[in-house]
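Working notes, beginning with the structure itself.
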Amino acid sequence: MTRRLWPPAVGLLYIAAVGLLGGLRSDHLVIGLLGFLDVYNEKSRLFLKVFFPFILTGVVFDSMRYFYWQGIAGRVHVAEPYLVERAWFGVGGRTLNEVFAERHWALADLACGFAYLAYVGEYLALAFFLFFRGRLARAGTFARAFLLVNVMGYVTYFVYPAAPPWYVSEYGLGPARMDVHPTAAAAHRFDALLGTHFFDSMYSRGVDVFGALPSLHVAYPLIAVLLAFRLAELRWARIPTVLFFALMCFSAVYLQHHYVIDAVLGAVYAVLALAAVTAWERRRAAPAPAA
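The sequence shown begins at 1 in the UniProt record's numbering and counts up by one.
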């Protein structure tokens, strides 16, 4: 196998850049060192190539902490999403989030908490399954759709920064506060029931406080559903992915992280992202016209 130095060099440059910018953590080291997979053997090089869009997604998301607050200053929408939600999907003059804030159940807390912990894992598991079954192109579709729907979501966070339901419950409908940190919201009940700290640890690393619209929690499972029904290799996953998607839609609202409108837009983004990736793949695979 021909060895090349640029993939590990790029990884090391990434580690150095984060170190210079500040906030270097162990996960940054892991991401940077993944570049060495390119020089280990053919299989590891192939793995890096197929799953690189996942890695790039993580890098892009983490980089937002350097410019997120400056990018949304003075433009956060707090009252508007709430009022639209209450008008379109309200129950008795209240949003569903407000209903669930008063009425919640231990079994639902556990199920929804599990969904919020596993939503990326479910998506990755299907991609890994296809990769290790030798279906590289199909695993690549998962990876490219993941990157695209995330980029679409991140761009929306800056174009239309929107406060989530938990923010409105805690701080009201006034001008957005810029000193707020991400919180687990109602997902803390999952940790309280089990005596764990999963969500505190997870959200302590977040930055997109006002990234409620769209719900990427909903987008990932829907892409998994669509691909499960498209790919024969994933016939066995069709019912489980549909059930997980339904649970995630409920969880996003029940746990106070999203409005119903966020979930609907997340589903739209999923369909658009997968359609764009599919069109690009078909165009790329089409034979060149004869001279």
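Just so you know, even glycine gets a beta-carbon here, dropped at the ideal spot from N, CA and C. These figures come from a predicted structure and were not determined experimentally.
Range of the contiguous alpha helix (DSSP H) that encloses residue i
i, result
"Glu122", "Ala106 to Phe132"
"Val91", "Counting along the chain, Val91 falls outside any alpha helix (DSSP H), and DSSP gives it neither H nor E."
"Val76", "No alpha helix (DSSP H) contains Val76, which DSSP labels as neither H nor E."
"Leu13", "Trp6 to Leu21"
"Ala285", "Val260 to Ala285"
"Met248", "Arg238 to Tyr254"
"Leu96", "Leu96 to Glu102"
"Ala224", "Leu216 to Arg230"
"His188", "His188 to Leu194"
For residue i, the three-state DSSP class (helix, strand or coil)
i, result
"Gly58", "helix"
"Ala163", "coil"
"Gly35", "helix"
"Gly140", "helix"
"Gly211", "strand"
"Arg177", "coil"
"Thr156", "helix"
"Met1", "coil"
"Leu148", "helix"
"Phe67", "coil"
"Ala87", "helix"
"Arg235", "helix"
"Pro182", "coil"
"Arg45", "helix"
"Leu24", "coil"
"Ser204", "coil"
Nearest candidate by alpha-carbon position, reference residue i, set the options
i, options, result
"Leu126", "Leu117, Cys112 and Phe142", "Phe142"
"Ala115", "Glu281, Val268 and Leu243", "Leu243"
"Arg4", "Arg205, Tyr123 and Gly35", "Gly35"
"Thr57", "Leu124, Arg25, Val180 and Tyr254", "Leu124"
"His265", "Tyr254, Tyr220, Leu29 and Val277", "According to the sequence as given, residue 265 is Leu; it is not His. Closest option to Leu265, Cα to Cα, is Tyr220."
"Pro7", "Ser26, Arg45 and Tyr171", "Arg45"
"Asn97", "Arg135, Leu37, Phe250 and Leu173", "Phe250"
"Ile55", "Tyr14, Gln70 and Tyr171", "Tyr14"
"Pro164", "Ala73, Asp179, Ala145 and Ala185", "Ala185"
"Leu83", "Val277, Phe131, Leu173 and Phe100", "Leu173"
"Tyr160", "Leu274, Asp262 and Arg282", "Asp262"
"Phe52", "Leu21, Leu226 and Phe131", "Phe131"
"Leu21", "Val50, Met64, Ala118 and Gly121", "Met64"
"Tyr269", "Glu281, Ser215 and Tyr259", "Ser215"
"Lys49", "Ala139, Val271, Val218 and Phe198", "Ala139"
"Ala111", "Leu234, Gly121, Arg86 and Arg189", "Arg189"
"Gly134", "Lys43, Asp27, Ala267 and Ala17", "Lys43"
"Val59", "Ala276, Val76, Pro81 and Ile31", "Ile31"
"Ile72", "Val277, Met178 and Val39", "Met178"
"Asp27", "Asp62, Ala228, Val76 and Tyr40", "Asp62"
"Trp166", "Phe129, Val99, Ala145 and Leu227", "Val99"
"Asp38", "Arg25, Val10, Asp109 and Ala17", "Val10"
"Phe47", "Arg86, Ala273 and Leu136", "Leu136"
"Arg25", "Arg205, Trp69, Ala273 and Tyr171", "Arg205"
"Tyr66", "Val271, Val207 and Leu117", "Val207"
"Ala108", "Glu170, Ala118 and Leu247", "Leu247"
Determine contact between the stretch 225–240 and the stretch 91–99, defined as no fewer than three beta-carbon pairs at a distance below 8 Å.
-> no
Mind the definition here: the stretch 183–194 touches the stretch 138–154 only if three or more C-beta pairs lie below 8 Å; say whether that holds.
-> no
Validate contact between the stretch 101–111 and the stretch 245–262 using beta carbons, cut 8 Å, 3 pairs | yes
Counting Cβ pairs closer than 8 Å, one from the stretch 153–161 and one from the stretch 205–219, do we hit at least three?
-> yes
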